[in-house]
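Chemist: Dropping the structure in here first, questions after.
Number of protein chains: 2
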Amino acid sequence: MSGRAIPDATVARLPVYHRVLVSLADSGSHTVSSEELATACGVTSAKLRKDLSYLGSYGTRGVGYDVQFLTYQIARELGLTSPWGVVVVGLGNLGRALVSYRGFASRGFQVVGLIDSHPDVVGTVVSVVDRRITVQSVDNLRAIVADNDARIGVITTPADFRCCRSRRP
Amino acid sequence: MSGRAIPDATVARLPVYHRVLVSLADSGSHTVSSEELATACGVTSAKLRKDLSYLGSYGTRGVGYDVQFLTYQIARELGLTSPWGVVVVGLGNLGRALVSYRGFASRGFQVVGLIDSHPDVVGTVVSVVDRRITVQSVDNLRAIVADNDARIGVITTPADFRCCRSRRP
DNA sequence: TAGATTGTTAATCGATTAACAATC
DNA sequence: TAGATTGTTAATCGATTAACAATC
Numbered sequence: 001m002s003g004r005a006i007p008d009a010t011v012a013r014l015p016v017y018h019r020v021l022v023s024l025a026d027s028g029s030h031t032v033s034s035e036e037l038a039t040a041c042g043v044t045s046a047k048l049r050k051d052l053s054y055l056g057s058y059g060t061r062g063v064g065y066d067v068q069f070l071t072y073q074i075a076r077e078l079g080l081t082s083p084w085g086v087v088v089v090g091l092g093n094l095g096r097a098l099v100s101y102r103g104f105a106s107r108g109f110q111v112v113g114l115i116d117s118h119p120d121v122v123g124t125v126v127s128v129v130d131r132r133i134t135v136q137s138v139d140n141l142r143a144i145v146a147d148n149d150a151r152i153g154v155i156t157t158p159a160d161f162r163c164c165r166s167r168r169p
Numbered sequence: 001m002s003g004r005a006i007p008d009a010t011v012a013r014l015p016v017y018h019r020v021l022v023s024l025a026d027s028g029s030h031t032v033s034s035e036e037l038a039t040a041c042g043v044t045s046a047k048l049r050k051d052l053s054y055l056g057s058y059g060t061r062g063v064g065y066d067v068q069f070l071t072y073q074i075a076r077e078l079g080l081t082s083p084w085g086v087v088v089v090g091l092g093n094l095g096r097a098l099v100s101y102r103g104f105a106s107r108g109f110q111v112v113g114l115i116d117s118h119p120d121v122v123g124t125v126v127s128v129v130d131r132r133i134t135v136q137s138v139d140n141l142r143a144i145v146a147d148n149d150a151r152i153g154v155i156t157t158p159a160d161f162r163c164c165r166s167r168r169p
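Heads up: the sequence lines are chains Z and E, in that order. Under this note's numbering, the first residue of the first sequence is numbered 1, with each subsequent residue one higher. Under this note's numbering, the first residue of the second sequence is numbered 1, with each subsequent residue one higher.
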């Protein structure tokens, strides 16, 4: 099953299934049928079973799916089992608000680098959820990304500044 | 052409075409070929022409499309020619920041109502871009929506509060 | 075993693509 | 007219659906 490509339309629905499964687990469900899960996700049970079949055979005929196990398998497929590294560029009000937001960590994102252009800000230490990170110059961006395998960049600079820089690279 | 249903996949791409056309107009283009526009939108020219053909025949063979005219036709199809009414519920920091954000108005949204639960806030007048609107109680929500033909509700209340209310309707 | 539910099949449906006639 | 580009056709490709054999 690992060699086959999963259809785009299926991949697009996996996050929905994952979210609904997490909330099912929160409300105490241990097992769920394709019919129940499909209804909760707003799709048909046939489509849901077809989608899940691309991941593998994780259900039990006559019983349904184990909520924990299926949640994990989808998370694994989506690359949610290890956190995604994020670099935040721009530590104004918005940037500082974002890095202290605990919702990122709980959803599998981890801030691994902070960048700012202002000399007074570079070198300062900022609290990021459970750690403290030193703000660095944009000159170090490439190294930060490489060292931490960062995959996502969040740009929280003023709009006009962003504009300026992209026109004078 | 007005009777036929436009495929979902096409409708999903129209906002992209619209945005790119607006920026082409900003940069002074008067005419654009399907090849140029498609490249700028990240699709193939065949797909673009097929998509546009569902709206009508708005191009000129041998020449291309008039940027202004095509922009307008897509805007009309998307219902962007008259603003969408928005009601904002919750006038804390986030709600107040949103209603004063000029980006909504320039993108075809118009705040037509403000709701808050706090008795001290109800009855106060808030500046909304170019007008001033009186904050009302949630009891008036239905009337506000009906009177202004509001189509979008933005809920900017604390998460736990939102939770509470949905469990005790 | 009997009932329930999955995983898969095959048919249908919708979207994409390449090619080109129409035509400015 | 000659060159360019649209709008449309028909073939291909991918997604959805309903049905049901497999099996817990």
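Yeah, the Cβ is synthetic: ideal placement off N, Cα and C, and Gly gets one too. In this text, all values refer to a predicted model and were calculated from it rather than measured experimentally.
Ignoring anything shorter than 3 residues or poking outside the segment 24-99 of chain Z, list the beta strand (DSSP E) runs there in chain order.
Modeler: 64-66, 84-89
Chemist: Between which two residues does the beta strand (DSSP E) containing Ile-144 of chain E stretch?
Modeler: No beta strand (DSSP E) contains Ile-144 of chain E, which is instead part of the alpha helix (DSSP H) from 141-148.
Chemist: Spatial neighbours of Gly-59 of chain E within its chain, please: CB distance less than 6 Å, with the 5 preceding and 5 following residues excluded, ordered by chain position.
Modeler: Tyr-65
Chemist: Out of E:Gly-113, E:Ala-25, E:Glu-35, E:Ser-127, state which residue places its alpha-carbon closest to the alpha-carbon of Ala-146 of chain E.
Modeler: With distances taken between CA atoms, Ala-146 of chain E lies nearest to E:Gly-113 out of E:Gly-113, E:Ala-25, E:Glu-35, E:Ser-127.
Chemist: DSSP three-state label for Gly-103 of chain Z, please.
Modeler: Per DSSP, reduced to three states, the secondary structure at Gly-103 of chain Z is helical.
Chemist: Does the Cβ of Val-99 of chain Z have 16 or more other Cβ atoms within 10 Å, making it buried, or fewer, making it exposed?
Modeler: Sixteen is the threshold: when 16 or more other Cβ atoms of the shown chains lie within 10 Å of the Cβ of Val-99 of chain Z, as they do, the residue is buried.
Chemist: In the structure shown, what three-state DSSP assignment does Thr-10 of chain E receive?
Modeler: helix
Chemist: Beta carbon of Asp-130 of chain E: closer than 8 Å to some heavy atom of the ligand GTP?
Modeler: This structure lacks the ligand GTP; in fact it carries no ligand of any kind.
Chemist: Rounding to the nearest angstrom, what Cα-Cα distance links Ser-127 of chain Z and Val-111 of chain Z in this structure?
Modeler: 11 Å
Chemist: Starting from the C-beta of Gly-95 of chain E, find all residues in its chain whose C-beta is less than 6 Å away, skip the five residues before and the five after it, and write them out in chain order.
Modeler: Val-88, Thr-156
Chemist: For Thr-134 of chain E, which of E:Val-67, E:Leu-141, E:Gly-123 has the nearest alpha-carbon?
Modeler: Measuring from the Cα of Thr-134 of chain E, the nearest candidate turns out to be E:Gly-123.
Chemist: Do you know offhand how far Gln-68 of chain Z's Cα is from Thr-44 of chain Z's?
Modeler: 21 Å
Chemist: Identify which residue in E:His-30, E:Leu-21, E:Glu-77, E:Ser-33 has its Cα closest to the Cα of Ile-6 of chain E.
Modeler: Considering only alpha carbons, the answer is E:Glu-77.
Chemist: Following the continuous beta strand (DSSP E) through Val-180 of chain E, name the residue where it begins and the one where it ends.
Modeler: There is simply no residue 180 of chain E to check, as chain E begins at 1 and stops at 169 in what is shown.
Chemist: Quick check on Ala-159 of chain Z: buried or exposed, where buried means 16 or more other Cβ atoms within 10 Å of its Cβ?
Modeler: exposed
Chemist: Mapping DSSP to helix, strand and coil, what is Val-16 of chain Z?
Modeler: Assigned with DSSP and collapsed to three states, Val-16 of chain Z falls in helix.
Chemist: From what residue to what residue does the beta strand (DSSP E) around Gln-110 of chain Z run?
Modeler: 109-115
Chemist: Any idea what DSSP makes of Val-170 of chain Z, helix, strand or coil?
Modeler: Given that chain Z is displayed from residue 1 to residue 169, the structure contains no residue 170 of chain Z and the question cannot be resolved.
Chemist: Does the distance from the C-beta atom of Gly-85 of chain Z to that of Asn-148 of chain Z stay below 9 Å?
Modeler: yes
Chemist: In this structure, does DSSP put Val-154 of chain E in helix, strand or coil?
Modeler: strand
Chemist: If we ignore side chains and look at the alpha-carbon of each, how far apart do Gly-42 of chain Z and Gly-62 of chain E end up?
Modeler: 46 Å
Chemist: Is Ala-5 of chain E helix, strand or coil when you go by DSSP?
Modeler: coil
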